[in-house]
Each structure stands twice: as structure tokens, then as C-alpha cells.
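Going by mature numbering (1 follows the signal peptide of the UniProt record, and there is no 0), the letters in the sequence shown line up with residues -19 to -1, 1 to 925, in that order. Yeah, the Cβ is synthetic: ideal placement off N, Cα and C, and Gly gets one too.
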Amino acid sequence: MLLLGIAAAATAAVLQASAQPDSIGFISIDCGLPGTANSVDDTTKLSYAPDAGFTDAGSNQNISVEYITPSLSKRYLNVRSFPNGVRNCYTHYRIQAFVVSLALSAKRAGLKYLLRAEFMYGNYAGVNFWSMVNVSTPDGVVTLEAVVVVPDDSVQVCLVDTGSGTPFISALELRPLKNSLYPQANATQGLVLFVRRNFGPTDATDIVRYPDDPHDRVWIPLMNTAIWDMISTTSKVQNLDNDIFEAPSKVMQTAITPLNGSSNISLFWDSAPQPRDPTPRYMAIMHFSELVRLSGTAVREFFIEVNDVVWQSSLGLRPDYLFSDSSYSTAPLPASTRYTIPINATANSTLPPFINAIEVYSVISTTNVGTESSDVSAITAIKDKYRVQKNWAGGPCSPKTFAWDGLTCSYAVSSYSRITAINISFSGLNGDISSSFANLKAVEYLDLSHNNLTGSIPDTLSQLPSLTVLDLTSNLLSGSIPPGLLKRIQDGSLNLRYDNNPNLCTNTDSCKPPKRKSKLAIYIVVPVVLVVVIISVVALLFLILRRKRQGSMSTNNTLKPQNETPMSYATEPRPPPGDAYEESSLHLENRRFTYKELEMITNNFQRVLGRGGFGKVYDGFLEDGTQVAVKLRSQSSNQGVKEFLSEAQILTRIHHKNLVSMIGYCKDGQYMALVYEYMPEGTLQEQIAGNGRNGKRLTWRQRLLIALDSAQGLEYLRKGCNPPLIHRDVKATNILLNTKLVAKIADFGLSKAFNHDYEAHVSTNTLVGTPGYVDPEYQATMHPTTKGDVYSFGVVLLELVTGRQAILSDPEPTSIIHWVRRRLARGNIEDVVDKRMHGEYDVNSVWKVADIALKCTMQVTAQRPTMTDVVAHLQECLELEEGHRVGDSTTGSLFTGSSGDLDLGYNTYVAGSQSTEVSQTSTIFEMDHNFGKVPRMGRGPVAR
């Protein structure tokens, strides 16, 4: 499989001389051509440059000798193969300067290009056939073509390995277009060629392209003398003033007309659903020019229909003699599985209809904006300086799925992406710290730890306005910390980590913040004196009032405080040795049960609902019939009094619709238990596995609602509790469901409070959590953070999407995160979505949830979203799904979601000769001819 992506990215970089266009502004690349000399195409006489100046990945390969013929175009003799890396890209820089004379008016709106990629397999060693591109024979050539507006000064064409074979490419071509051409292609949408046909040439093998077409479009001939008459001229066919397509004269000099003069012409094509676009939208452009000088009484007039709807004007078409004209879509055609276009003579026409040529395009969105130019320049310079051996190809931030490894970006609508975090720790970086880091003005987190960086720390880093964390740990840096960074540390705006740099701060004073001026003492002493005076006055008043109150109480001591001793675990027997815990601060207001009461409630602990690290959970009923769940601590449990008291204390003070409520507790000698509200639908893990108590599978909408409920519960722990809480054991078995499948977070035995004002970490001595869900940064540092819960919740989201567990056997134990990342790199969401949902979901909603999950499970804490962000994104996902469900109810059809990558409309050529490059048996576009069909009298346009 091969996925071809086209993206624009702003940059200020300059390529070598080999990247320069030719005299007419064309950029033609012979992929895999060795050496530095250009090759010249024998037919078009265009010069093709080697591709070494456009990509630093892949290797040159030659096609097999058996497929080399004297007539084979030179650009097919070799390919560039990309056996390594998921995404490999060609980048073309400063293309605006090449076409300024052709498109002066396009500077503000962006420049328009025709981009074409060609692929010939030719049995070069070590490659499997692709299924997506459909290279079904070694000598077949697949061509992909698009018309797009490039808003910036570079364009990137990327090949992505989807796991079914090694990507390769034979040639890449960029052709500048006037901005007035193909107005359907604009800043928000591009056109992907589905088919382009030249009707009626005398030579069925004559492909028209440059120089006959100045824009080097490829026009494939189509003729059939059994059903059509051919009409042609040797006279030049001219374009009208301000022609928006400029069809070449050689194409317009031929046309087809029905063999039976009383019939019509009928064209049709079938929609070709694509992995990421199951219902592609099409635009058609039909070209007409009268090639016969008509006599005074002759009339040729016709009208066009698309799927039984009259096309555009109600007036008939009368193309001018030897002038090209066109009839075209201004908006995508209504969706259909088949598009039928009859061209019918009007009632007053004396001659049959005709057509010279047709183009059909599918429409793609191009609203994604590239990375901001200064960020691209800076990160590219960093890549070049350190020779970074990561998947750093194409745009740094876009598309989101293929953002560079270790980079986190911010994405805003209709504005450039910005790099906000960089983690290139353990990357073998050598040399000094690049000055280019100082140009990344939006970066907040910069991790250069565990490398071999030398020299001093540049003070220019202090000028990064957004930088909050700079990690230089374990390098070979020397000298002192620059004053600018010391100032940032002192004012609390920067967290600098620089341990394990033996030659750094050898003079301890050089790494201390500067001493404040002596005036500081004045600012301190004066307020202190004032505070002392105020405290003294308040204390004096307090003593006076107290004496008055004591005198009053001595005369009237009948009032006594009620409930003098609040319920506190300080009054309970001490726990057994090894379970010592400070209980004096814990006060519980919930109902307290004895162990005998629990025996009665649970019918002597008869029915087990589940098991956990604390012990078993039993089914029970209170006196009023309320069903409850009783979690009884097992004597062999590795969780002791500390965890029990922690969960009891937390559940006493937190109340939220998405957190399990505690009804009471038991602390009866050695027996400890917590009594919860009953959750009849069990755990989320049971429901995902299809083992829920209702026996049904979860729909995608139900999964979304459960995800949103759970996220809101976790968000409350962070924002609604004082002090905020870290759960530390978020997993599918700790999310419980009630009868309405409302999700509630449970099991707070491992939870920790943290300081709201200093969120960096909470120190612990023991690693806790469940394998597969534990934050890797927490594992490394032993410091849990709120982003640890975000990581764990990301794993839960992946379980909801895939229907699989956190750790898979694939066949070796594999994290679900790595499993999903590998498959999504192929661009196909169907590879990961739970098949038990039977495709009943909105594909955009599923993609977005998967994207959220992968963001949550980023290795670096700073690169993960907050739970507030996650809640907002999940609400958007739910809106997408709800909108999809509404659409289903109105159309009466069920959308089967799929994804993957965009098929750019393939034309298959045969490369056996330069003059015969079209396979008539593999034509995508088909024709029908209806014999004996008379012009309709009561339908369609009237004569003008």
C-alpha cells in the first residue's frame, strides 16, 4: 500500500541548484536517478533532475532489465525506494519565485499548481505489489494528479508506508498554473484528477501533453468507430478571452458525435469510494468547440443532464466555430453511486450533439494550514545540525497524525501550527546548544536531557517568552547559568533542570540568582514592623474580650456543646503492626456498620460481584431494600489500613455524578469494609469485552457517553476538589456503570492529594498502578502527576475504540498504545476499530477519539492535554456522532465508517512505448451509446 499526501508548509530554507525549475517554470524530478546530471524526456524534451536535492531518505533502485525497452521513457528506468521510516517526503522550496511572472495576482491568495506523481514497479528488487495504488502489472504506470493552491513558499509530497510493501516513486512533476485557471481549486479545496479524456483523435495511441498542452496536462485518447463518428479539423482552435481552462488546440481539434444522427451521447462513471472519503464529491468539466462550418439552415444545439437533472442553464448550448468553450461544475455534484451524463439535441436542432473532451475531478479539503515559517526554519536547522535520527520528514506539525516524533504542536483554525514542546532526549546530540532553539518562540517545554551537548548554556534561551520547562540533565555542559535564565528561575517563570553536568556550576556562586539590592531590606523590614504592631493590638483586644466572656459564662453555665467528640478514627483500636497511619485528622460522617451488620446485608457474603487489590466486593441489601456493594478488605490484601482510610476519607468529601458514592464504612476490629452504591452494569472492562450483565455490545454512542462521563469525573478530581486529587489507578475495571450506563470512577485507595499551587509532582516511595496503564514518566521518576491520570485515561479510550485490553498478545505482550500507533500509521482506522460495532459509527468521531487517546498517551507529560481539554474534545466527538445519527435517520441509510488515506484518482498507463501509454482495457471512464433514441420534445431547453 502507498499513501500519497500533499501539504504546504511555510519555510525560509533554500535548496541546491538542482531544485531550480526550467525556463518555463516546470519542476521535473526523476526519482532514483543517480549522479547529478539531468535526464531529458525524448517525447516532451523536458529536463528531469535527480531527486537527491529534494529528499534525504530512501535509496536508488533500477527496474528489471526485462522491462527496459527502447521506447520506455527514461524517467521509468529507476525508482527511489523507501524501506525505512513511516513517512518520507519530497520538499520543494521557494516555488513562489519561480512563477511570479505567471501569477502576479496570486501573491496574496497563494499559487496554484498541478502536481503529478508517477509509479512504475518494473520488478525492482524487494518490493511487494501495492493494493491501494493497484499496480497490477510490473510494466503498468500509475499516475496521481492534483490541482492545489499552495499558500506558502514550499510544497511537500509524502509517501507513507502503510505496512503492506515498501513505498517507491518513479517521477514527480510540478507545473505552475495561472491563478485564474480551475477556479474550483482554491485556498480551502483542491481538485484530484479522476479522469481526463480527449475524444475522437485519429490515432488512438496519441497522448496529448507538453508541448501541445503548455500546462503539461495529460489527455488520454478515447475513440470507438463502432458507435461514434469522429469529426476533426486541422485549423487552430482558439481559447476565448479569459478562458478558465485553456484546453489545448490539439485536444479541441477532434470530437465525437453519435453514429446514428438521431441519437444522443451518454457518458457515465461510477463513484470510487476512498478510504478516508467513502462518498467522494465530483466536479465535471466538458469542453466543446464546433469543428464544422455550418450552413445557413443547419442548427446544432444541445443540452446536458446529470442524473436526470438539467445541467446549468435552461438554454441550449451552441458552441462557436473554432473557439473552445466549456460547461462545468461550480459546486460538487449531488452524491451518487453512478453519474450519468446524457448530451441531448434540442427539439429544434438539425444536427446531433458532440463533445471534444472531458475532465472529472474529486474534491478534497485543503483547509489544514502548515507550520509557521520561523518554526520550520528553526527546527530544520536543528535537524541538520544534529543529524537527528528520528521520523522527521515533511511538515513538523502537519498533518497531526504524522507530526515529528518528540514534537507537540498547537493547532488553530485557519492559522499556522506552532511548535510548543520538543523532546529530543536520548537522541545522541553532540556539540553546543544550537542558537536556532531561541527562534522557537511558542515552545513551552524543551527537553535536551541525556545527550552529549557541550559548551555553555546560551542566554538567548531566556528570551523564549513561553518557555516554562528546560531540561538539560545529563549532558557535558560547562560554565555557569546565564543571568537571563537565573532571573527567570528567580521569578518562578522557568523550571530549569541541569543535574549531572560535571563541568557546569563548578563555582557554586555562578549558578545562584543575583543578590537583591540593599533597598530590599527596607521593603521587608517596614511591613514586618507594621505586622508586629497589628498583631499586638489584636492580641490585646482578644484578651480583653476573653475575660469578659469568661465572666459571663461563670454566671450562666447551663449551655454545653453538643456532640463534643466527633466521629474520628482516632478513637478506634490501633491497627496491627505495619499498618500504622495517622488517623487523627480523619472524620467520617457516613453511616458506620458493624461486621455483623455486613453479614446480614450480604447474606453472609454470599454473592461476589468482583475482586480487586483491596479484596472482594459483595452484593448486599440494606433494611429499606436499597441494593449496595460491599468491599471487604481481605486479610491477604496488599492494601492495608492506609489505603482503606485514604479511600474512606476521600469518598466522604467528594460528591459528583461521575464518582461512585460511599454509603458507609466498617471499622470493626480487624474487619474493614466500604459500602458503595450498587452499579448494576458492572465494570467498563466487562462491557467492552461483551460480558456485561445485559449481554449486549456497547454501541459507539454509548462508548462516547461513557468516555465523557469518566473524563468529567476525573476533571472534577482535579478542579472540583480542594485539595485536588490524583487517582493513580484509572483503568477500565475502576469505571463502573449504572442501569443507564452512566459511568462513575471508583476505587480511590491509591489516590493522592497535591498542592494546587505547585502541580509539578507528589513525592512517593512506592510505584503503584496497573501494568499497561501506568504513566512511563511516573515509572521513571516516582513522582505522580495529574497527567498520569490523563495517560491512563488515554489507554481506556483506546480500549473503547478497539474493544481490546491494555496489554495485548501480538504474539508477544504489546501495549495497546504501540499496537494502535502502528496501525494508524497506515492511515486506516478500520484496522483498529472494534469490529463488533459493525461499522455503525461516524468515522470522523472515531478518528478524533483515537487522536485524543494518542495525545493523552504521549511519553512526555508536558505534551499531554489536560482533562479539561479532553472533556471538551469528547463533547465535540459526541456532537459529530449525534449529527451522524440524525443524518442516518433522515436518509434512511446507515453510514459505514472507514478511513485510511485518500486515493487520488488513478489513471493506469502502459509504459511499453512512448507513443502508446494508455491501456484501453483499464479505462476508468466508460461510455454508453443509446441507439434509436430521438430528441425529446417535452423535456429540456428550448431553442434560442
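Roughly how many whole angstroms lie between the Cα atoms of residue i and residue j?
{"i": "Ala30", "j": "Ser230", "result": "29 Å"}
{"i": "residue 1005", "j": "Met233", "result": "The first residue shown for the chain is -19 and the last is 925, placing residue 1005 beyond what the model contains."}
{"i": "Gly650", "j": "Leu466", "result": "57 Å"}
{"i": "Thr389", "j": "Pro794", "result": "28 Å"}
{"i": "Thr838", "j": "Ala787", "result": "12 Å"}
{"i": "Ser244", "j": "Asp194", "result": "32 Å"}
{"i": "Val122", "j": "Arg61", "result": "15 Å"}
{"i": "Ala843", "j": "Gln255", "result": "36 Å"}
{"i": "Ser443", "j": "Pro464", "result": "9 Å"}
{"i": "Ile363", "j": "Arg682", "result": "44 Å"}
{"i": "Ser343", "j": "Ser447", "result": "42 Å"}
{"i": "Glu860", "j": "Leu695", "result": "21 Å"}
{"i": "Ser247", "j": "Ile324", "result": "6 Å"}
{"i": "Asp791", "j": "Asn809", "result": "19 Å"}
{"i": "residue 931", "j": "Ile833", "result": "What the structure shows of the chain is the stretch from -19 to 925, and residue 931 is not part of that stretch, so it cannot be assessed."}
{"i": "Ile285", "j": "Trp250", "result": "15 Å"}
{"i": "Asp23", "j": "Val280", "result": "44 Å"}
{"i": "Ala713", "j": "Glu863", "result": "24 Å"}
{"i": "Thr762", "j": "Gly750", "result": "14 Å"}
{"i": "Gly645", "j": "Cys702", "result": "20 Å"}
Is residue i near the ligand GTP, with its Cβ less than 7 Å from a heavy atom?
{"i": "Tyr191", "result": "In the structure shown, the ligand GTP is absent, as is every other ligand, since no ligand is present at all."}
Buried or exposed for residue i, going by 16 or more other Cβ atoms inside 10 Å?
{"i": "Gly601", "result": "buried"}
{"i": "Leu203", "result": "buried"}
{"i": "Phe63", "result": "buried"}
{"i": "Asn672", "result": "exposed"}
{"i": "Ala207", "result": "exposed"}
{"i": "Glu353", "result": "buried"}
{"i": "Ser406", "result": "buried"}
{"i": "Met660", "result": "buried"}
{"i": "Gln42", "result": "buried"}
{"i": "Ile49", "result": "exposed"}
{"i": "residue 933", "result": "With the chain covering only -19 through 925, there is no way to say anything about residue 933."}
{"i": "Arg469", "result": "buried"}
{"i": "Arg588", "result": "exposed"}
{"i": "Arg592", "result": "exposed"}
{"i": "Arg614", "result": "buried"}
I'd like the span of the alpha helix (DSSP H) that includes residue i, first residue to last.
{"i": "Val357", "result": "Ser354 to Tyr367"}
{"i": "Cys837", "result": "Val824 to Cys837"}
{"i": "Tyr772", "result": "Thr767 to Thr783"}
{"i": "Val341", "result": "No alpha helix (DSSP H) contains Val341, which is instead part of the beta strand (DSSP E) from Ala338 to Ser346."}
{"i": "Pro464", "result": "Pro464 to Gln471"}
{"i": "Gln840", "result": "Here Gln840 belongs to no alpha helix (DSSP H), and DSSP marks it neither H nor E."}
{"i": "Ala761", "result": "Pro757 to Thr762"}
{"i": "Leu227", "result": "Sequence inspection shows Glu at residue 227; the Leu mentioned does not correspond to that position. Per DSSP, Glu227 belongs to no alpha helix (DSSP H) and is neither H nor E."}
Starting from residue i, follow the beta strand (DSSP E) in both directions and report where the run begins and ends.
{"i": "Asn433", "result": "Asn433 to Gly436"}
{"i": "Phe269", "result": "Tyr263 to Phe269"}
{"i": "Gln170", "result": "Gln170 to Phe180"}
{"i": "Gly596", "result": "Gly596 to Phe602"}
{"i": "residue 935", "result": "This structure leaves residue 935 out entirely; the chain is present only between -19 and 925."}
{"i": "Arg614", "result": "Gln608 to Arg614"}
{"i": "Gln668", "result": "That residue, Gln668, is in no beta strand (DSSP E); its alpha helix (DSSP H) goes Leu665 to Ile669."}
{"i": "Gly694", "result": "Where Gly694 is concerned, there is no enclosing beta strand (DSSP E), although the alpha helix (DSSP H) it sits in stretches over Trp681 to Lys700."}
{"i": "Lys725", "result": "Ala724 to Ile726"}
{"i": "Lys648", "result": "Met643 to Asp649"}
Less than 8 Å between the CB atoms is what I'm expecting for residue i and residue j, so what's the real figure, rounded?
{"i": "Ile669", "j": "Leu722", "result": "The Cβ separation is near 12 Å, so there is no contact."}
{"i": "Val130", "j": "Thr347", "result": "7 Å"}
{"i": "Ala423", "j": "Thr441", "result": "The pair is not a contact, with the Cβ atoms about 16 Å apart (cut-off 8 Å)."}
{"i": "Ser213", "j": "Leu303", "result": "With 8 Å as the limit, Ser213 and Leu303 do not qualify as a contact, their Cβ atoms being about 12 Å apart."}
{"i": "Thr25", "j": "Arg178", "result": "Wrong, their Cβ atoms sit about 20 Å apart, outside the cutoff."}
{"i": "Ala692", "j": "Val852", "result": "5 Å"}
{"i": "Arg478", "j": "Thr454", "result": "5 Å"}
{"i": "Ala152", "j": "Leu125", "result": "About 11 Å; that fails the 8 Å criterion."}
For this session: Indicate whether the contact test is met: 3 or more Cβ pairs, each with one atom in the region 207 to 227 and one in the region 296 to 309, closer than 8 Å.
Result: With three or more CB-CB distances shorter than 8 Å, the region 207 to 227 counts as touching the region 296 to 309.
For this session: Kindly confirm or deny that the region 237 to 256 and the region 324 to 334 touch, where touching means at least three C-beta pairs closer than 8 Å.
Result: Below 8 Å, enough C-beta pairs join the region 237 to 256 and the region 324 to 334 to call them touching: three or more.
Exercise. Do the region 397 to 416 and the region 820 to 838 touch if we need at least three Cβ pairs shorter than 8 Å?
Worked result: Segments in contact, no.
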